[in-house]
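Encoded as structure tokens, the structure appears first; notes follow it.
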Amino acid sequence: MPPEAATTLSWIIPARQEAQGLALLLADVQDGLVEGDELIVVDGESQDATQVVARLHGAHVVSSPPSRGGQLRHGVAQAQGQRLVLIHADSRLAGGAELSRQLRRLPSGQAHCFRLKVDDPHPCFRVLEWLVAMRTTVLGLPYGDQGLVLDRHLYEGCGGFRDLPLMEDVDLVLRLRRWGGVRQLPYSIRTSARRWRRHGLLRTSLRNMILMLRWFWGEKSETLKRDYYS
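The sequence shown begins at 15 in the numbering used here and counts up by one.
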């Protein structure tokens, strides 16, 4: 048996009101599942058919109050796999079984994220993708929409996700710096452009930057969430 076959993957997807696109992501993940792997959707009190869609596509569905940090924390607590793959519900992954094989082969004790792609052909989004890649490579600061792949012992060693409604990803990534930080993989994760389309690319990017600075200056996650969704 090859070494990677012994590494079980727990795919954990926090979701809320994601019935429309969730099926596509679950189909992407299903292609690479082997015996011992898990596919867990943590639903945050959705009022649509998110839970039904998840179950129809073979996911184990658990419920949690709608807080992304809390949902992720709850999902990890339910998981049994050695390696955790944490991704947002509005994402897509190409590669199927081959991608899963590559994830199993990653060295133990290192955290990784994917290279961000946005599902919009406009050239401005190619600039955004480049800037995200630079932020990840130079500053070592990926966001949650880039996914996160890490072993359970590393997750537990750094304290895991805190129950935060916003900035749960940055909070964890900063603590992972003591364990070598997060390395960007050569594999892409494609995320929805819906939030940039809704509010505009420049406006959304500036808002996110300001929220990040406010987080570093000590503002509470609950306050930032209110402003993020207002």
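Glycine included, each C-beta is placed from N, C-alpha and C at the ideal position. If you're wondering where the values come from, they're calculated on a predicted model, not measured in any experiment.
Inter-residue Cα distance where the pair is residue i and residue j
{"i": "L188", "j": "V146", "result": "16 Å"}
{"i": "D42", "j": "A91", "result": "24 Å"}
{"i": "Q34", "j": "Q65", "result": "11 Å"}
{"i": "L186", "j": "G174", "result": "7 Å"}
{"i": "R211", "j": "D134", "result": "9 Å"}
{"i": "L178", "j": "S78", "result": "13 Å"}
{"i": "T150", "j": "S60", "result": "31 Å"}
{"i": "L53", "j": "I26", "result": "6 Å"}
{"i": "K131", "j": "L23", "result": "23 Å"}
{"i": "L113", "j": "G158", "result": "19 Å"}
{"i": "D245", "j": "V196", "result": "Lying before the first or after the last residue shown, residue 245 is absent from the chain, which here runs from 15 to 244."}
{"i": "S244", "j": "L216", "result": "17 Å"}
{"i": "C127", "j": "S202", "result": "9 Å"}
{"i": "G58", "j": "W144", "result": "32 Å"}
{"i": "A93", "j": "P200", "result": "26 Å"}
{"i": "G72", "j": "R30", "result": "18 Å"}
{"i": "L162", "j": "V141", "result": "22 Å"}
{"i": "V48", "j": "L155", "result": "31 Å"}
As assigned by DSSP and simplified to three states, the class of residue i
{"i": "L225", "result": "helix"}
{"i": "W25", "result": "strand"}
{"i": "S78", "result": "coil"}
{"i": "V56", "result": "strand"}
{"i": "L199", "result": "strand"}
{"i": "R176", "result": "coil"}
{"i": "R87", "result": "helix"}
{"i": "V163", "result": "strand"}
{"i": "V99", "result": "strand"}
{"i": "R30", "result": "coil"}
{"i": "Q92", "result": "helix"}
Own chain residues within Cβ distance below 8 Å of residue i, not counting five before or after
{"i": "Y242", "result": "L180, R221, L225"}
{"i": "K239", "result": "P179, L180"}
{"i": "R69", "result": "V75"}
{"i": "C172", "result": "L186, R189, L190, R192, W193"}
Test item: CB-CB of residue i and residue j under 8 Å
{"i": "G110", "j": "G46", "result": "yes"}
{"i": "R166", "j": "L98", "result": "yes"}
{"i": "T218", "j": "R204", "result": "no"}
Close Cβ partners of residue i (< 6 Å) along its chain, the five nearest in sequence each way excluded
{"i": "S122", "result": "D165"}
{"i": "S235", "result": "L178, P179, L180, M181"}
{"i": "T21", "result": "Q96, R97, R118"}
{"i": "V56", "result": "P28, V76, S78, Q85, H88, G89"}
Contact set for residue i: own chain, Cβ-Cβ below 7 Å, skip 5 residues either direction
{"i": "A207", "result": "V132, D133, D134, F139"}
{"i": "L36", "result": "A29, T64, V67, A68, A103"}
{"i": "R228", "result": "L238"}
{"i": "L100", "result": "I26, L86, G161, L162"}
{"i": "D263", "result": "As shown, the chain starts at 15 and ends at 244. That puts residue 263 outside it, with no answer to give."}
field: Unbroken stretches of the alpha helix (DSSP H), 4 residues or longer, contained in the stretch 104 to 158
entry: 110 to 119, 137 to 148
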